[in-house]
Amino acid sequence: MEYTGPNTDSGIVTNDKSPNSSENKMALTDDNTKVKFTNSNSFPVEASRNGDAKVEIENIQVAFAGMGKEELLKFANDPFWIRLRWFLFFLFWLLWLAMLVGAVVIIVLAPRCAPLPVLDWWQKNVIYHIYPRSFQDTNGDGIGDLKGIESRVEHLDTIGAKSVMLGPIYESPMKDFGYDVIDHTKIDAKFGSMNDFESLIKELNQRDIKLIMDFIPNHTSNQSTWFIESCSKTGNYTEYYVWRNGTDGGPPNNWLSVFGGSAWTYNEVRQQYYLHQFYPEQPDLNLRNPAVKEELQKILKFWLDHGVNGFRVDAIPHLYEDNEFKNEPLSQQPEVNKSDYNYLDHIYTTNQAETFELLLEWRQFLDEYEENNGGGHRLLIVEAIQPLNTTMKYYGNETQKLADFPLNFDFLKSLGKHSNGSSIESSIRRWLDAMPALSWPNWVLGTHDDKRITSRMEPELIDGLHMITMLLKGTPITYYGEEIGMLDISLEDDQYQDILKRDPSRSPMQWNSSIHAGFSTNQTTWLPVHANYSEINVQQQLLEEQSHLKIFQALVKLRKQAAITFGSLGFFHVGENILGFSRIKKGSPGFAVLVNFGNNNTAFSLNNLPKLTPEYNPIGATDLSYKFPDDGTIEINSLRQSANAEASKSRIKLNNVKLDPKQAVVIKFVPNFN
């Protein structure tokens, strides 16, 4: 009998028969590589006694080990194989080259992602507007100064304000609190010295904070050397101002001052009338005189050489007047006093063609200065409180830029007690729709000439308003104190310093709960500090877990998100009193801003809204229609919402979003583009 062991893989073969049995003959099967066993009769006697097996290896075949050298040489030299090898060699490299060319063609011809626009410092930064008299006093006279601003630069850094727009600090008799300039290249002693200014510039530069200064080209003070010399017709100064003879024993024409009354005042020394579109103490410069234009350009260069990064041009619509001095027509506005500025339609004293030509000259001068001196873009902002279509002209156009932007007073003036979500959306759309192509928007809540936004509207809306201005496309401009929700002060008649009573929004900055809110150590300050300074101040809000200041800081940081910096803007409607808009960018989280301007609780669904298509898109952005997902995250929540309101960073279902009266939220979500 032949038997192959059950465990051949291990090489072990077992035999259950006795080695002395004559029937025990075991052999392997036909596989000649297997071990063959025979009985003891085949073995010598010595071996059989121990039951040993005899192993025979029969006809073992060695595996193929390849051709030898001589055989290989036969093929190596065979013409057929030589030709085949060369053919395959060239075929390999031809295919490799074809794949390379194909890859290049795909890269070249495939649709490209639109490149992200490069935003400059003035587009990325929050601009913080400082009224110098009211920011910080260091010499104890009750008036803010340059050293005071320098001592508070850390605050600017803390809140993330990387650009400062500084009100006038020039030598002035302060009839109009600095806008009546004696010398445009000297600093008024109330604010400090040129050394103080240079020290401030150094501190700002160390923190990479840009400085924008007020530039006042329309007029000077009547105490300016230029005007005094012009009154006496001395030398080149004779025609530095707009002088005219009277008509029929009165002013040259019917032109009115912005502040009311005739725009002409008679000068006894010169025996002529001079033009002043503002106070009589602010005579208008004659910008048709090339020498005056040269003086103004020297002033720009002076401050650029001292490290200034840009200018806010004051009162730009008034730079030129009609050269024939024609009477202006009546405005036809009802119930307007004849001495009131609005009594006339100012077609001959504002927005003349030469104004835009001069603005172009300044734009080109700043650009040339940048090209020759480096240091980045020199910003040019203009103050033009005009009808919207006229204001837009100060942008220039797609081929010829003028100002980087005119300040958005249209938005500022639209905000008041009457405002709701729909009216504010309309105001935002008006500006965006009116802008020339490739222009950049800006958003202003307050200035030194207007009531504070917290006094024009409910104070608890300040967080929501900051969400709007910070998260829309454009540059937000923050008037000092808005970051903590400062309010206008109340004054008795004898406490007003300004003839036009614009003082309430100019009160000292509220730093802490010490005397005069930490603004000054003097017994009195130039304007009273608001009575609520012990509750509303910077120090207190930095200590609180949630505050207006903390929300402001969070919004500044959020502006760095791709969807906010580069994303599309679209509005959605969930109620008349609610402003809702989103910022989205493919490949990045989206953000929805919701502000309830109403007085009632409200609830609504976002993911049940129809598919939304953003209306304001970056160049190259396509196919951005989206729906809201099922849930999102509250990124930032306004202050003083009810105890039932969702906390920041919590997940919420977007089919049931709830807002308290005056509450605002920023919700982060992943847009569904399918």
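Residue 601 in this note's numbering is what sits at position 445 of the sequence shown, and the numbering runs on without skipping anything.
The beta-carbon is built from N, C-alpha and C at its ideal position, and this holds for glycine as well.
Residue i, DSSP secondary structure in three states
i: Asn188; result: Note on Asn188: pLDDT 48, under 50, position unreliable in the model; the coordinate value appears next. Residue state, collapsed to three classes: coil.
i: Pro660; result: helix
i: Glu833; result: Since the first and last residues shown for the chain are 157 and 830, residue 833 lies out of range.
i: Val309; result: helix
i: Tyr782; result: strand
i: Ile645; result: coil
i: Arg519; result: helix
i: Pro632; result: strand
i: Val120; result: It is not possible to answer for residue 120, since the shown part of the chain is limited to 157 through 830.
i: Thr381; result: helix
i: Asn197; result: Only weak support is given to the placement of Asn197: the predicted model assigns it a pLDDT of 47, under 50, and the question is left unresolved by the model.
i: Met369; result: strand
i: Gly207; result: With a pLDDT of only 48 at Gly207, under 50, the local geometry of the prediction cannot be trusted, and the value read off the model is given with reservation. Correct three-state label for Gly207: coil.
i: Pro745; result: coil
i: Trp459; result: helix
i: Glu510; result: helix
i: Gly674; result: helix
i: Phe737; result: strand
i: Val264; result: helix
i: Gln695; result: helix
i: Asn576; result: coil
i: Val469; result: strand
i: Gln428; result: strand
i: Pro408; result: coil
i: Leu452; result: helix
i: Ile707; result: helix
i: Met548; result: helix
i: Tyr159; result: At Tyr159, the pLDDT of 39 sits below 50, so the modelled position is not reliable; the number obtained from the coordinates is stated separately. Tyr159 falls in the coil class under three-state DSSP.
i: Gly531; result: coil
i: Ile286; result: strand
i: Met623; result: helix
i: Gly726; result: strand
i: Leu750; result: strand
i: Val102; result: Given a span of 157 to 830 for the chain in the structure shown, any question on residue 102 remains unanswerable.
Minimum C-alpha distance to residue i - residue among the options
i: Gln488; options: Asp501, Thr547, Glu480 and Glu477; result: Asp501
i: Gln653; options: Pro615, Trp399, Ile384 and Asp332; result: Asp332
i: Ala687; options: Lys716, Gly723 and Met642; result: Met642
i: Val414; options: Tyr497, Ala559, Glu491 and Tyr551; result: Tyr497
i: Ile734; options: Gln697, Phe722, Pro408 and Asp816; result: Asp816
i: Asp566; options: Phe727, Arg426, Phe481 and Pro543; result: Pro543
i: Gln697; options: Gln651, Glu527, Gly726 and Ile315; result: Ile315
i: Lys346; options: Asp659, Val749, Pro329 and Lys457; result: Pro329
i: Leu514; options: Ala559, Tyr525 and Glu526; result: Ala559
i: Trp587; options: Lys573, Leu699, Gly630 and Gly572; result: Gly630
i: Asn409; options: Tyr476, Ile472, Ser570 and Thr505; result: Thr505
i: Leu656; options: Phe434, Tyr499 and Lys454; result: Phe434
i: Glu581; options: Phe728, Asn378 and Arg444; result: Phe728
i: Asn483; options: Gln520, Val425, Gly532 and Trp411; result: Trp411
i: Gln453; options: Thr677, Thr341, Ser646 and Thr778; result: Thr341
i: Ala471; options: Gln679, Gly743 and His375; result: His375
i: Lys713; options: Asn233, Leu275, Val274 and Asn281; result: Asn281
i: Asn811; options: Lys783, Lys805 and Asn378; result: Lys783
i: His311; options: Ala232, Gly731, Asn828 and Met665; result: Met665
i: Asn678; options: Tyr287, Gly300 and Ala254; result: Gly300
i: Asp691; options: Leu683, Thr681, His704 and Thr680; result: Before going further, note that residue 691 is Glu rather than Asp in the sequence given. Answer by Cα proximity: His704.
i: Lys457; options: Thr555, Trp278 and Asn529; result: Asn529
Assumed close pair residue i, residue j - CB separation to whole angstroms, cut-off 8 Å
i: Ser661; j: Asp644; result: 5 Å
i: Pro592; j: Asn553; result: 5 Å
i: Ala759; j: Lys741; result: That pair is no contact at about 29 Å.
i: Val464; j: Ile537; result: In fact, because the Cβ distance is near 13 Å, the residues do not count as touching under 8 Å.
i: Leu725; j: Pro770; result: 6 Å
i: Ile624; j: Glu638; result: Between Glu638 and Ile624 the Cβ distance is about 13 Å, and since that is not below 8 Å, they are no contact.
Residue i - partner residues in DSSP beta bridges
i: Thr789; result: Arg807 and Lys824
i: Leu441; result: Tyr397
i: Ala759; result: Lys814
i: Glu327; result: Asp339
i: Tyr652; result: None, per the DSSP bridge assignment.
i: Trp599; result: Pro632
i: Lys557; result: Gly552
Short CB-CB distance (under 9 Å) between residue i and chain D
i: Ile808; result: In the structure shown, chain D does not exist; there is a single protein chain.
*Are the stretch 758-769 and the stretch 703-713 touching, with three or more C-beta to C-beta distances below 8 Å?*
In short, these stretches do not touch, since the Cβ pair count stays below three.
*Cβ pair count under 8 Å reaching 3, the stretch 443-463 against the stretch 400-407*: Counting Cβ pairs under 8 Å, fewer than three are found: no touch.
*Flag this pair as touching only if the stretch 670-677 and the stretch 613-628 have three or more C-beta atom pairs under 8 Å; answer yes or no.*
No, because fewer than three Cβ pairs between the stretch 670-677 and the stretch 613-628 fall closer than 8 Å, the two stretches do not touch.
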